[in-house]
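Notes to accompany the following structure.
Number of protein chains: 2
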Amino acid sequence: MSDVRWLTDAEQETWRAYMTANVEFSAYIDRQMRRDSGMPMAYYEILVRLSEADGRCLRMSELAKASLSSRSRLSHAVAALEKNGWVSRRPADGDRRGWVCDLTDAGFAALAEAAPGHVTAVREKLFDQLTPEQLDTLREIGLAISAGLRKECEAAQAEECAAAEEDAAC
Amino acid sequence: MSDVRWLTDAEQETWRAYMTANVEFSAYIDRQMRRDSGMPMAYYEILVRLSEADGRCLRMSELAKASLSSRSRLSHAVAALEKNGWVSRRPADGDRRGWVCDLTDAGFAALAEAAPGHVTAVREKLFDQLTPEQLDTLREIGLAISAGLRKECEAAQAEECAAAEEDAAC
DNA sequence: CGACTCAGGTTGAGAGTTCAACCACCGGCT
DNA sequence: AGCCGGTGGTTGAACTCTCAACCTGAGTCG
Chain A
1 MSDVRWLTDA EQETWRAYMT ANVEFSAYID RQMRRDSGMP MAYYEILVRL
51 SEADGRCLRM SELAKASLSS RSRLSHAVAA LEKNGWVSRR PADGDRRGWV
101 CDLTDAGFAA LAEAAPGHVT AVREKLFDQL TPEQLDTLRE IGLAISAGLR
151 KECEAAQAEE CAAAEEDAAC
Chain B
171 MSDVRWLTDA EQETWRAYMT ANVEFSAYID RQMRRDSGMP MAYYEILVRL
221 SEADGRCLRM SELAKASLSS RSRLSHAVAA LEKNGWVSRR PADGDRRGWV
271 CDLTDAGFAA LAEAAPGHVT AVREKLFDQL TPEQLDTLRE IGLAISAGLR
321 KECEAAQAEE CAAAEEDAAC
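As you go down the protein sequences, you meet chains A and B in turn.
Note that the numbering used here has the first sequence beginning at 1, numbered continuously upward.
Note that the numbering used here has the second sequence beginning at 171, numbered continuously upward.
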């Protein structure tokens, strides 16, 4: 364990600045959403994803991926949203294991009411604070970080491939 | 509400890249910490802050600010950490309302054990994924976002000042 | 002194998340 | 047909976080 690549002082500073901003910013956004619309950001995200989908409905597993939720989290969340009358579930056709989640009209209305406050918060606290160059770099950074996190899966798959010896799925 | 400054497509893309990276990255880091050290990141952060403080102790309110926690959250968290024997509380001298939180030897040991895995995760998933230029900009971005969020408080204080007419604390 | 306001901190309840089972069904293989 | 590993999804318990209410002590002012 002595071969850990510790952070230099400069790296510490960067890391701290990044982490602090993340925590504070997401706390701010989540708080705004709860206060003004009575739902956590995770729920808003689910409604947004549904609203963008064809027919305003998605399979649970696709919705989970799109809204960055675990299956379990989504399952609980959709149960809560269903209690509000904002979504509804119906069996998927063709696969009797699956379920489709529909955004109801009430759900769409709730989304439409929550959106302005949310967008304004993001606008003021993110876009208004950064230069165009910084925003451009931020996009790249976000993509790079997400890509880096996905490599892990590839690595895991690669191991399986090695074990399976030339599996075509890789 | 029709005067909302909605996001352009390009801004949407930036916002989504940023948010996705944040959510995925912090989920990854938190998961690593829970799995390998049995505590959420918020608790690790508290231990780090204490370990860096003079005498390895801090007033609850200072610890809250340093660890980016609300008072309530910190109170619950310290209760849990105390149950683990990682911190202890004692009355602050000079102010009988206050409490001081000490990092115990066991707490320091737990921190020392958790650190390598955490730093490695941050190194691999953040620093190894970005160029030096991107990292430099990331630092600036983080500082700018945090600064932007603090302005809100200033604005609130300014209002109070206006009401109080030239209060020196402003 | 006595009242009033504010700061430090805790508490309990309710909401949301995580983790580890668990069930049901699909697809392929024998 | 019958088995078997994998996928889709749910569930319950334990844990963490948030919010609002609350308590105590400090500071201020008349």
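Cβ atoms here follow ideal geometry from the backbone N, Cα and C, with glycine treated the same way.
Pairwise C-alpha distance: B/D306 and A/A79: Within the first sequence, the letter at position 79 stands for residue 79 of chain A. Within the second sequence, the letter at position 136 stands for residue 306 of chain B. Going by the C-alpha atoms only, they are around 43 Å apart.
So, does the segment 116-134 of chain A touch the segment 303-319 of chain B, judging by three or more C-beta pairs under 8 Å? yes
For the segment 286-299 of chain B, which residues have a beta carbon sitting closer than 8 Å to at least one beta carbon of chain A? Here the close residues are P286, V289, T290, V292, R293, E294, K295, L296, F297, D298, Q299.
Using CA coordinates, which residue listed in B/G208, B/K295, B/I315, B/V174 is at the minimum distance from B/E194? Here residue 194 of chain B corresponds to residue number 24 of the second sequence, with the count starting at 1. B/E194 has its Cα closest to that of B/K295, out of B/G208, B/K295, B/I315, B/V174.
With 7 Å as the limit, tell me which residues of the segment 175-192 of chain B have their beta carbon closer than that to any beta carbon of chain A; keep them in chain order. R175, W176, L177, E181, E183, T184, W185, A187, Y188, T190, A191, N192
Using three-state DSSP, classify A/W15 as helix, strand or coil. Here residue 15 of chain A refers to the residue found at position 15 of the first sequence. In the structure shown, A/W15 sits in a helix (DSSP, three-state: H, G or I).
Taking the straight line between their C-alpha atoms, what separation do you get for A/M41 and A/R34? Numbered from 1 along the first sequence, position 41 holds the residue referred to as residue 41 of chain A. Numbered from 1 along the first sequence, position 34 holds the residue referred to as residue 34 of chain A. Near 8 Å, if we compare the C-alpha coordinates of A/R34 and A/M41.
For A/D105, list the residues DSSP reports as bridge partners. Residue mapping note: residue 105 of chain A aligns to position 105 of the first sequence, counting from 1. According to DSSP, which records beta bridges pairwise, A/D105 is partnered with nothing at all.
Output yes if chain B places a C-beta closer than 8 Å to the C-beta of A/Q134; else output no. Start at 1 with the first residue of the first sequence, and residue 134 of chain A comes out as number 134. Interface residue, yes.
Check whether the segment 115-124 of chain A touches the segment 171-180 of chain B, taking contact to mean three or more Cβ pairs, one atom from each stretch, closer than 8 Å. yes
With H, G and I counted as helix, E and B as strand and the rest as coil, what does DSSP make of B/R229? Start at 1 with the first residue of the second sequence, and residue 229 of chain B comes out as number 59. Strand, per DSSP.
What are the start and end residues of each continuous beta strand (DSSP E) run of 3 or more residues lying completely inside the segment 192-254 of chain B, in chain order? 227-229
Helix, strand or coil at B/R293 according to DSSP, with G and I counted as helix: For the purposes of this step, residue 293 of chain B is taken as residue 123 along the second sequence, with counting starting at 1. In this structure, B/R293 counts as helix in the three-state DSSP scheme.
Residue from A/Y28, A/A17, A/A10, A/P91 with nearest C-alpha to A/A121: Here residue 121 of chain A refers to the residue found at position 121 when the first sequence is read from its first residue. That would be A/Y28, whose Cα lies nearest to the Cα of A/A121.
The beta strand (DSSP E) spanning B/S172 covers which residue range? In the second sequence, residue 172 of chain B corresponds to position 2, counting from 1. Unbroken run through B/S172: none, as it is neither H nor E.
For A/D95, tell me which candidate among A/S26, A/R59, A/T8, A/A66 has the shortest Cα-Cα distance. The residue given as residue 95 of chain A occupies position 95 in the first sequence. Minimum Cα distance to A/D95 is reached at A/R59.
Between B/W256 and B/A276, is the Cβ-Cβ spacing less than 8 Å? By one-based count along the second sequence, residue 256 of chain B stands at place 86. By one-based count along the second sequence, residue 276 of chain B stands at place 106. Yes, the Cβ-Cβ distance between B/W256 and B/A276 is below 8 Å.
For the beta strand (DSSP E) holding A/R89, just list the boundary residues, first then last. Within the first sequence, numbered from 1, the residue matching residue 89 of chain A stands at position 89. Per DSSP, A/R89 belongs to the beta strand (DSSP E) from 87-91.
Against chain A, with Cβ distances strictly below 8 Å, would B/G194 count as a contact? If you number the second sequence from 1, residue 194 of chain B lands on position 24. Before going further, note that residue 194 of chain B is Glu rather than Gly in the sequence given. Closer than 8 Å: yes.
Just to confirm before moving on: does the CB-CB distance between B/R241 and B/D272 stay below 8 Å? Taking the second sequence and counting its residues from 1, the one referred to as residue 241 of chain B is at position 71. Taking the second sequence and counting its residues from 1, the one referred to as residue 272 of chain B is at position 102. Result no, Cβ atoms of B/R241 and B/D272 do not sit closer than 8 Å.
Have a look at B/H246, B/A191, B/A279 and flag the residue whose alpha-carbon is nearest the alpha-carbon of A/S67. Here residue 67 of chain A refers to the residue found at position 67 when the first sequence is read from its first residue. Closest by alpha carbon: B/A191.
Say whether chain A places a C-beta atom closer than 8 Å to the C-beta of B/S316. On the second sequence, position 146 is the one that residue 316 of chain B refers to. It does; some Cβ of chain A falls within 8 Å.
Would a check of beta-carbon distances place A/I141 closer than 8 Å to chain B? For the purposes of this step, residue 141 of chain A is identified with residue 141 of the first sequence, where counting begins at 1. Yes - at least one Cβ of chain B is within 8 Å of the one on A/I141.
Under 8 Å, do B/G310 and A/Q32 count as touching if we go by C-beta distance? Along the second sequence, one-based indexing puts residue 310 of chain B at 140. Along the first sequence, one-based indexing puts residue 32 of chain A at 32. Looking at the sequence shown, residue 310 of chain B is not Gly but Glu. For B/E310 and A/Q32, no; Cβs fall outside 8 Å.
Cβ shell of B/R260 (< 8 Å), same chain only, five flanking positions each side left out: Numbered from 1 along the second sequence, position 90 holds the residue referred to as residue 260 of chain B. Around B/R260: W269, V270, D272.
Please identify the residue among B/E252, B/Q182, B/M189 whose C-alpha is closest to the C-alpha of A/A144. Taking the first residue of the first sequence as position 1, residue 144 of chain A is located at position 144. Closest option to A/A144, Cα to Cα, is B/M189.
I need the straight-line Cα distance from A/E52 to B/Q182, nearest angstrom please. Residue mapping note: residue 52 of chain A aligns to position 52 of the first sequence, counting from 1. Residue mapping note: residue 182 of chain B aligns to position 12 of the second sequence, counting from 1. Whole-angstrom Cα-Cα distance: 13 Å.
Comparing the C-beta of B/L158 with each C-beta of chain A, is any distance below 8 Å? As displayed, chain B neither begins before 171 nor continues past 340, which places residue 158 of chain B out of reach and without an answer.
A/E82: which of A/R97, A/D93, A/A92, A/Y43 sits nearest, CA to CA? Reading the first sequence from its first residue, position 82 is the one you call residue 82 of chain A. When only C-alpha atoms are compared, the closest one is A/Y43.
Run down chain B in chain order and give the residues with a C-beta less than 7 Å from the C-beta of A/L138. Along the first sequence, one-based indexing puts residue 138 of chain A at 138. Here the neighbours are T184, Y188, I311.
CB contact flag (A/A10, B/G312, <8 Å): Taking the first residue of the first sequence as 1, we reach residue 10 of chain A at position 10. Taking the first residue of the second sequence as 1, we reach residue 312 of chain B at position 142. The answer is no: Cβ separation not under 8 Å.
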